[in-house]
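**Student:** For the record, the sequence lines run as chains A and B.
All residue numbers for the first sequence refer to my numbering, where the first residue is 89 and numbers rise by one.
All residue numbers for the second sequence refer to my numbering, where the first residue is 606 and numbers rise by one.
Just so it is clear, CB atoms sit at the ideal spot from N, CA and C, and this is done for glycine as well.
None of these values were measured; they are calculated from a predicted model.
One structure is given below, represented as structure tokens, and several questions about it will come after.
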Amino acid sequence: MNIFRFAGDLSHVFAIIILLLKIWKTRSCAGISGKSQILFAVVYLTRYLDLFTTYVSLYNSVMKVLFLATSGATVYLMYVKFKATYDHNHDSFRIEFLLVPCALLALVINHEFTVMEVLWTFSIYLESVAILPQLFLVSRTGEAESITSHYLFALGSYRALYLLNWVYRYMVESHYDLIAIFAGVVQTVLYCDFFYLYITKVLKGKKLQLPA
Amino acid sequence: PGVNAKKDEL
């Protein structure tokens, strides 16, 4: 565990907490893509199956349970408790366009052709593109509330920090995982446009609004 | 590294 990895994990937890608090306090999930939240739940479910087979550390296990529980809670709040506020007309991204290619790619490019390994690979590929329905929703409505922008910034920062972690681990431990690195780069690149808008607008107190 | 990389990350 190095500082980049830990900062990345903190950023990830922070993003999830921001989102849950926003939904809970405003009693609304307006502006949030339920499709992205479902994809994240699928990501955690398929990746953290190893919770039952491999023990790494108490920290890892606690975080895995936390991610599973909070993503489940987010999906519940959006599709059950505050269903009436869910913006499903704008959340029209077709997730099968992400699920199917990720599944096929995981079957072809993986470290080992076993159920656990293919599911892990699938979750890595899916995570890299899971934010697309959310970014699509923001582009369709043309704007995002500040709190949604903070959520996206924290969520995007998490994988960017992991990239630094992988550089560090390669240099110090000679450890690297090409699948994770490739997907992590894709994931971070998808946020670049948003990062630019966040830094130039939201941090200066303006609302995130896309040019018409 | 590579095959059977340790999955100690989240």
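Is it buried or exposed for Lys221 of chain A, if we count other Cβ within 10 angstroms and need 16 for buried?
**Tutor:** The question names Lys, but residue 221 of chain A in the sequence shown is Pro. Classification for Pro221 of chain A: buried.
**Student:** I want to see whether chain B comes within less than 8 angstroms of Asn90 of chain A, judged by CB atoms only; does it?
**Tutor:** no
**Student:** Against chain B, does Met259 of chain A count as a neighbour if the rule is that its beta carbon must be under 8 angstroms from one of theirs?
**Tutor:** no
**Student:** Where does Pro606 of chain B land, buried or exposed, given buried means 16+ other C-beta within 10 angstroms?
**Tutor:** Note that Pro606 of chain B has pLDDT 39, beneath the 50 cutoff, so the model's placement of it is unreliable and the number below is only indicative. Under this definition Pro606 of chain B is an exposed residue.
**Student:** Would DSSP call Ala232 of chain A helix, strand or coil?
**Tutor:** strand
**Student:** Any contact between the stretch 270-289 of chain A and the stretch 113-130 of chain A? By contact I mean 3 or more CB pairs, one from each, below 8 angstroms.
**Tutor:** These segments do not touch.
**Student:** Report yes if the C-beta distance between Gly96 of chain A and Met166 of chain A is below 8 angstroms; otherwise report no.
**Tutor:** no
**Student:** Between A:Val226, A:His176, A:Thr158, A:Leu278, which lies nearest to Arg247 of chain A when the distance is taken from Cα to Cα?
**Tutor:** Comparing Cα-Cα distances from Arg247 of chain A to each of A:Val226, A:His176, A:Thr158, A:Leu278, the minimum goes to A:Leu278.
**Student:** Check whether the Cβ atoms of Lys295 of chain A and Glu231 of chain A sit closer than 8 angstroms, and answer yes or no.
**Tutor:** yes
**Student:** Ala242 of chain A and Ile91 of chain A - do their beta-carbons sit closer together than 8 angstroms?
**Tutor:** no
**Student:** Tell me, please, whether the stretch 139-159 of chain A touches the stretch 97-104 of chain A by the rule of three or more beta-carbon pairs shorter than 8 angstroms.
**Tutor:** yes
**Student:** May I ask you to verify whether the stretch 111-120 of chain A touches the stretch 162-181 of chain A, counting CB pairs closer than 8 angstroms and requiring at least 3?
**Tutor:** Judged by Cβ distances under 8 angstroms, the stretch 111-120 of chain A makes contact with the stretch 162-181 of chain A, as three or more pairs qualify.
**Student:** Can you find a CB in chain B that lies within less than 8 angstroms of the CB of Val144 of chain A?
**Tutor:** yes
**Student:** Specify whether the stretch 179-193 of chain A and the stretch 206-220 of chain A touch according to this definition: at least 3 beta carbon pairs, one from each stretch, less than 8 angstroms apart.
**Tutor:** yes
**Student:** Under the three-state reduction of DSSP, which class applies to Leu109 of chain A: helix, strand or coil?
**Tutor:** helix
**Student:** Could you name the residues that DSSP lists as bridge partners for Leu223 of chain A?
**Tutor:** The partner list for Leu223 of chain A (beta bridge, DSSP) is empty, contrary to what the question assumes.
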